[in-house]
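Number 310 marks the last residue of the sequence shown (the working numbering); no jumps.
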Amino acid sequence: MNEAPPERVDRDSFPALVAAIRPELHRYCARLTGSVIDGEDVVQEAIAKAHGALDSLSSRAALRPWLFRIAHHCALDFLRSRASRAAEPLEHALNLADEDALDPFEQLMRAEAIATAITRFVELPTMQRSAVVLKDILGHSLDDIAGTLDVSVDAVKAYLARGRARLREINARRPASSIAREHRPENLRYVELFNRRDWDSLRALLAADARLHQATHPPRFGADVGMFFTIYARTEGIRLAPAWLEGHDVIAEFEQGSGDQPHHIMQLEWRDGLIVSIRDYRYVPYVIAEADLIVDGAAEQP
């Protein structure tokens, strides 16, 4: 009896299948890059590369590990371009290969990793970082991690042993004292106009070459960026507040029914008092789920 051919992923079903995996990809890439914003950039690049190489995917069942391998290599490329710390040589890691951990120990390590701020993972060498995140944050098996990192299972155990030890050292340090900062006046003005629903004044702030980036949507440029405010004008109950995300001056957005928790963030880039870039994370709210986000003041109801 002939076996049925494996179910393939076509380009029509790809977006929906990826959407289910995307938050987990982001949890990995955010910790690998040390930033939820950079992590989302890597996820977007990985998904774009996967879409272009979809014909090489053997079956729908292979989609998840395949995406993680692509995301891993995209993250490594990002780290190299940022001149970040190089991955630890394999021969050094193999010297400390450990045995499979017992369940209580695994639970302890998972709790330790989850409690660690995303920005602190970059203090681990890259391969240690990958192994710890995949095992202790996402719960991947040793075999799956070995496939993602393209190393042996013994090497994965080694990276885990050293990475966990370093993570405990990192978390034992006293956190650095926060430095008081002031929000950019242009951002505060943007928040004020948005909460007043003064869409014409907001459109007047757009530079001629302004660009809008929204994950899962194609970018808009120039005059088309004004549609951004037209869409928001149709939605009631939205309010903004200035915020800090991983040290970046951003804008938190609250939606109707979201209470005291922001739904997502926006990040603006200015030039000579005009907006040249809007990065809106409305369609990927998972970006701030575990982020170090501080909202300054109460977001007033519009």
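We put the beta carbon where it would ideally sit given N, CA and C, even for glycine.
| message | Please classify arginine 19 as buried or exposed, where buried requires at least 16 other C-beta atoms within 10 Å of its C-beta. | response | exposed
| message | Going by DSSP, what residue range makes up the beta strand (DSSP E) through phenylalanine 62? | response | Correcting the residue identity first, residue 62 is leucine in this sequence and not phenylalanine. No beta strand (DSSP E) contains leucine 62, which DSSP labels as neither H nor E.
| Given a threshold of 16 other Cβ atoms within 10 Å of its Cβ, counted over all protein chains shown, does histidine 148 qualify as buried or as exposed? | Per the 10 Å Cβ criterion, buried.
| task | Assign glutamate 32 to one of two classes, buried (16 or more other C-beta atoms within 10 Å of its C-beta) or exposed (fewer than that). | result | Around the CB of glutamate 32, 16 or more other CB atoms lie within 10 Å, so the residue is classed as buried.
| task | Please report the Cβ distance between leucine 142 and tyrosine 294, rounded to the nearest whole angstrom; I am assuming they are in contact, meaning their Cβ atoms lie under 8 Å. | result | The pair is not a contact, with the Cβ atoms about 18 Å apart (cut-off 8 Å).
| task | Determine the DSSP secondary structure at isoleucine 145, reduced to helix, strand or coil. | result | helix
| task | Pick out whichever of Val284, His256 and Asp268 has its Cα sitting closest to the Cα of leucine 248. | result | Asp268
| query | Starting from serine 285 and walking both ways along the beta strand (DSSP E), at which residues does that stretch end? | reply | Element bounds for serine 285: 282-288.
| Under a three-way DSSP split, which group does valine 258 fall into? | strand
| task | Would you kindly check if the distance between the Cβ of leucine 75 and the Cβ of alanine 58 is under 8 Å? | result | yes
| field | Cβ of leucine 220 within 8 Å of any chain D Cβ | value | In summary, chain D is missing from the structure at hand, where a single protein chain is found.
| request: Out of His34, Thr124, Phe22 and Leu25, state which residue places its alpha-carbon closest to the alpha-carbon of aspartate 300. | output: Thr124
| Shortest alpha-carbon distance to leucine 132 belongs to which of Thr156, Leu150 and Ala169? | Ala169
| Length of the line joining the Cα atoms of valine 140 and tryptophan 252 | Roughly 27 Å separates the two Cα atoms.
| said: Quick check on the DSSP output: what are the complete alpha helix (DSSP H) runs of length 4 or more inside the stretch 23-55, in order along the chain? | reply: none
| request: Would you decide whether serine 64 is buried or exposed? Buried here means 16 or more other CB atoms lie within 10 Å of its CB. | output: exposed
| request: Buried or exposed for methionine 235, please, with buried defined as at least 16 other CB atoms from any protein chain shown within 10 angstroms of its CB. | output: exposed
| Helix, strand or coil at proline 193 according to DSSP, with G and I counted as helix | helix
| message | What does the alpha-carbon distance come out to for the pair histidine 81 and serine 209? | response | 43 Å
| Cα separation between isoleucine 246 and glutamine 264? | 6 Å
| request: For the stretch 205-264, list the beta strand (DSSP E) runs that are entirely contained and at least 3 residues long, ordered along the chain. | output: 214-222, 247-253 and 256-262
| said: So for aspartate 151, helix, strand or coil by DSSP? | reply: helix
| Neighbour-count burial assignment, threonine 156, 16 or more Cβ in a 10 Å radius | buried
| Just how far apart, CA to CA, sit glutamine 136 and glycine 171? | 5 Å
| request: If I'm right that proline 270 touches glutamate 261 with Cβ under 8 Å, what's the distance once you round it to whole angstroms? | output: 6 Å
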